[in-house]
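Visitor: My structure is below; once you've seen it, I'll send some questions.
Residue numbers (the UniProt record's numbering): 1 to 135.
Next up, the structure:
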């Protein structure tokens with residue numbers, strides 16, 4: 001990778017520093033009203049001097065915690081002490097992540113509230129995530 005500057009390397013291997021805790025909280029809304037819900041993106045920690053933002057094709061390394069609407073944790077990378085790694089926009093994760101993590105800065109923390117059609121949909125992810133739920 002001769003000639004690749006810091007920004008290029010950052011693009012190739014997007015590392016989200018610190019303990020980025022992405023709270024995915026699952027909403028228990030069934031029926032047609034759930035389909036009308038939109039992805040909600042809340043910035044919990046902003047970063048000063050953000051010169052590079054995540055974009056489609058970036059490899060993200062991040063810690064997250066997923067919770068159901070009642071607060072029950074269904075998954076977290078934190079106890080494993082290894083960040084979750086995936087390519088943004090490549091369909092490797094739920095749609096809510098592919099869209100909700102666009103434009104994110106290194107070190108930023110977000111809370112995503114993801115409607116079921118952008119999460120696990122009608123099928124869910126048994127036994128921990130029922131159908132028509134995700135946040």
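Every residue gets a Cβ at the ideal spot worked out from N, C-alpha and C, and that includes glycine.
Counting only the same chain and skipping the five closest in sequence on each side, list residues whose C-beta sits under 7 Å from that of residue 53.
Guide: So the list reads 103, 104 and 105, once near-sequence residues are dropped.
Visitor: Between residue 120 and residue 94, what straight-line distance do the alpha-carbon atoms span, to the nearest angstrom?
Guide: So the alpha carbons of these two residues sit roughly 7 Å apart.
Visitor: May I ask you to report which of helix, strand or coil DSSP gives residue 40?
Guide: If DSSP states are grouped into helix, strand and coil, residue 40 belongs with the strands.
Visitor: According to DSSP, is residue 76 part of a helix, a strand, or is it coil?
Guide: DSSP places residue 76 in strand when its eight states are reduced to three.
Visitor: Tell me the DSSP secondary structure of residue 53 in three-state form.
Guide: Looking at residue 53 - three-state DSSP - the assignment turns out to be strand.
Visitor: What's the call for residue 128, buried or exposed, on a 16-neighbour Cβ count within 10 Å?
Guide: Exposed, by the Cβ-count rule.
Visitor: In whole angstroms, what separates the C-alpha of residue 112 from that of residue 91?
Guide: Straight-line Cα distance between these residues: approximately 17 Å.
Visitor: Under DSSP, the alpha helix (DSSP H) around residue 96 begins and ends at which residues?
Guide: Start and end: 95-100.
Visitor: What span of residues does the beta strand (DSSP E) with residue 62 cover, start to end?
Guide: Taken as a continuous stretch (DSSP letters only), the beta strand (DSSP E) holding residue 62 covers 59-62.
Visitor: Return the residue from the list 42, 65, 49 and 89 that minimises the CA-CA distance to residue 75.
Guide: Ranking the options by Cα distance to residue 75, first place goes to 65.
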